[in-house]
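Trainee:
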Amino acid sequence: MSVEVYERLKKIFEECIENEKIESKEIYAAIETINREALIMKAWCLENASKGFEKLCNDYEVSKSSITRILIQLALSKAVIGQANIGEDEAGLILKNVLKVIEGFWSLTQKSLLLIDRGTLCRVLKPFQARYTIASPGYVTYLPLSTALHLSAIGFVEIIEVF
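This note's numbering puts the sequence shown at residues 143 to 305.
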């Protein structure tokens, strides 16, 4: 990565740690920059693979993956505790969906009937295909917890509350 990218990442990390709020657009811009730099580095590594630069290229890949993972985890942790300004950019939309899943999981554990085999009852809001059947709006169906949470987050089902 270039010096400018490292400086920008350093600034974002410092702002995240020092400030209460974080902007999702800043995180997305940083990840986009890392991705762009990674493509350039990947091309360079492919051109120079036979020249003994494998370790450098592998170290770069590990470093890039770690930095990206930390940025995503930082953004998510800030969003979970309400310290993120979540915009309408790509990162903001993803964070909103993850937060919906987290909120749905909390609601599920507090208000819903959890069955022995790790499933729950849901009301279908939008039609979708599950295996060989089509679930139509208004139907009540039994779904595994993870499926129920994901479909609830994107508005296809409503987890039935019983408490």
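Yeah, the Cβ is synthetic: ideal placement off N, Cα and C, and Gly gets one too.
The model shown is predicted, which means the values in this text are computed figures rather than measured ones.
What are the boundary residues of the beta strand (DSSP E) that valine 321 is part of?
Mentor: A question about residue 321 goes unanswered here, because the residues of the chain that appear run from 143 up to 305.
Trainee: Is it the case that the Cβ atoms of serine 278 and glycine 246 are separated by a distance below 7 angstroms?
Mentor: no
Trainee: Determine which residues share a DSSP beta bridge with proline 286 and list them.
Mentor: Gly261
Trainee: Any contact between the segment 255 to 264 and the segment 230 to 247? By contact I mean 3 or more CB pairs, one from each, below 8 angstroms.
Mentor: no
Trainee: Tell me the rounded alpha-carbon separation between glutamine 225 and threonine 210.
Mentor: 19 angstroms
Trainee: Straight-line CA distance for leucine 235 to lysine 193?
Mentor: 42 angstroms
Trainee: Counting pairs of beta carbons, one from the segment 195 to 214 and one from the segment 164 to 177, are three or more of them closer than 8 angstroms?
Mentor: The segment 195 to 214, when compared against the segment 164 to 177, does touch it at the 8 angstroms Cβ threshold.
Trainee: Can you tell me which residues form a DSSP beta bridge with glutamine 271?
Mentor: Under DSSP, glutamine 271 takes part in a beta bridge, and its partners are Ile276.
Trainee: Would you say glutamine 271 reaches chain B, if we count a Cβ-Cβ gap shorter than 7 angstroms as a contact?
Mentor: No chain B is present in this structure, which holds just one protein chain.
Trainee: Cα-Cα, which of Ser288, Trp248 and Gln215 is closest to glutamate 303?
Mentor: Trp248
Trainee: From the DSSP output, in three-state form, read off isoleucine 296 for me.
Mentor: coil
Trainee: Spatial neighbours of cysteine 264 within its chain, please: C-beta separation below 8 angstroms, excluding the five flanking residues on both sides.
Mentor: Val282, Thr283, Tyr284, Leu285, Ala290, Leu293, Ser294, Val299, Glu300, Ile301 and Ile302
Trainee: Starting from glutamate 168 and walking both ways along the alpha helix (DSSP H), at which residues does that stretch end?
Mentor: 166 to 189
Trainee: My understanding is that lysine 220 touches isoleucine 276, with C-beta atoms under 8 angstroms, so please give their C-beta distance in whole angstroms.
Mentor: About 39 angstroms separates the two Cβ atoms, so there is no contact after all.
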